[in-house]
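Student: Just dropping this structure here.
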Amino acid sequence: MFFEQSREWLRGFGVPDRDPDTNTLVSGATFADGCHWRIEAPTVNTVRAVETLLSESRKRGFTVNRITETFGLSRHTLDEVRDYVALGHEYGAQILMSVGPRAVYDIGATVQTPEGARVGYRLRGQEQLVRALEDVRRALEVGVRGFILHDEGLLAVLGRLREAGEIPADVHLKVSAHCGLGNGAAAQVLERLGADSLNPVRDLTLPIIAALRQSVRIPLDVHVDNTRTSGGFIRTYEAPDFVRVASPVYLKTGSSALAGHSTRATPEQTEGMLRQLEITAEFMARHYPQARQSPARAAGAAG
């Protein structure tokens, strides 16, 4: 095998030395409740859309375990944030909200260029870091206990604050796909900094996803489909394989119905999200029934 010294170094750090053969691979790892997978509805940026997705999914007989908001906390009123929290408690769904400050909302011109777009969601300067912390404090006051982070520095600070007891111990820190995670060594760094779940970039192959699972213990949040602005792919038939090789997994599904990230869904788009969520749940039941989905209000799933 080529490049053996480099592979030996990676093995010594507990990182896979290659992307594994996934033909017969079964992760077998589970969430704390003993289940293998959960459904996440991403980019749900209005209270109306949250209520529709949660109430209609219940009526249609499938479970949405997590709702993620991506518009940014600082662009919602506190009453809207309270409504997100209340709906999460009512339906037993975890609510994760994005910390609002990010470079694309800042005054710098670089992030509006093709090259600058690669870092467009990270924080520029200490003042933006301070404002991000204030965004978290504001949300904590009204009951938010889950945050989507786009910046490794913010993750490191919040992880240390949680460890020191300055923010609640049950706060969930999720790393966004906008951080560009794509290999096991990077996944280990984010886990050590305090990440509770990791969202890899959206277009990884099954072997690469399997290598991420072999590198860390925390859940992976894997896109089944996505908006046209970040590829527009629909990988519904791969959802059972995502769970097989990388459980515990959140299957992120529904955003292919949307115009783009950080947008607000129309009623028609919300219905499209519901349909894709239902299709993903159906495919899991049809093709991988032995894998168990967490019920609503599962351990670590609400808040």
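Residue 155 is where the sequence shown starts when you use our numbering, and the numbers rise one by one after that. Beta carbons are placed, not taken as given, at the ideal position from N, Cα and C, and that holds for glycine.
I need the DSSP call for D375, collapsed to helix, strand or coil.
Tutor: Of the three classes helix, strand and coil, the one that applies to D375 here is strand, per DSSP.
Student: Where does A130 fall in DSSP's three states?
Tutor: The requested residue 130 does not occur in the structure, where the chain is confined to residues 155 to 457.
Student: Comparing C-alpha positions only, which one of G226, S160, F437, A323 sits nearest to R418?
Tutor: Per the Cα distances, G226.
Student: Let me know if W191 comes out buried or exposed under the rule of 16 or more other beta-carbons within 10 Å of its beta-carbon.
Tutor: Buried, by the Cβ-count rule.
Student: What would DSSP say about A456, mapped onto helix, strand or coil?
Tutor: Because the pLDDT of A456 is 46, which lies under 50, any placement of that residue in the model is unreliable, and the number read from its coordinates should be weighed accordingly. The answer is coil: DSSP assigns A456 none of H, G, I, E or B.
Student: Can you tell me which of the three DSSP states L405 falls into?
Tutor: The answer is strand: DSSP assigns L405 an E or B state.
Student: Determine the contact status of V430 and G408, defining contact as a CB-CB distance below 7 Å.
Tutor: The sequence as given places Gln at residue 430; Val does not occur at that position. Their beta carbons are under 7 Å apart, which means Q430 touches G408 by this criterion.
Student: Taking only the alpha-carbon atoms, compute the straight-line gap between V235 and M251 and give it to the nearest angstrom.
Tutor: Those two C-alpha atoms are separated by around 9 Å.
Student: Where in the region 254-335 do unbroken runs of the beta strand (DSSP E), each at least 3 residues long, occur, reported from the N-terminal end onward?
Tutor: Segments of the beta strand (DSSP E) lying fully in the region 254-335: 300-303, 326-329.
Student: So, under 8 Å CB-CB, L308 and A286 are touching, yes? Tell me the CB distance rounded to an integer number of Å.
Tutor: So it is a contact: roughly 5 Å between Cβ atoms.
Student: With respect to the alpha helix (DSSP H) encompassing T390, which residues constitute its N-terminal and C-terminal limits?
Tutor: That residue, T390, is in no alpha helix (DSSP H); it is neither H nor E in DSSP.
Student: Quick one: residues in its chain with C-beta nearer than 6 Å to the C-beta of R367, no 5 flanking neighbours on either side, listed in chain order?
Tutor: Closer than 6 Å at Cβ, skipping near neighbours: S181, A400.
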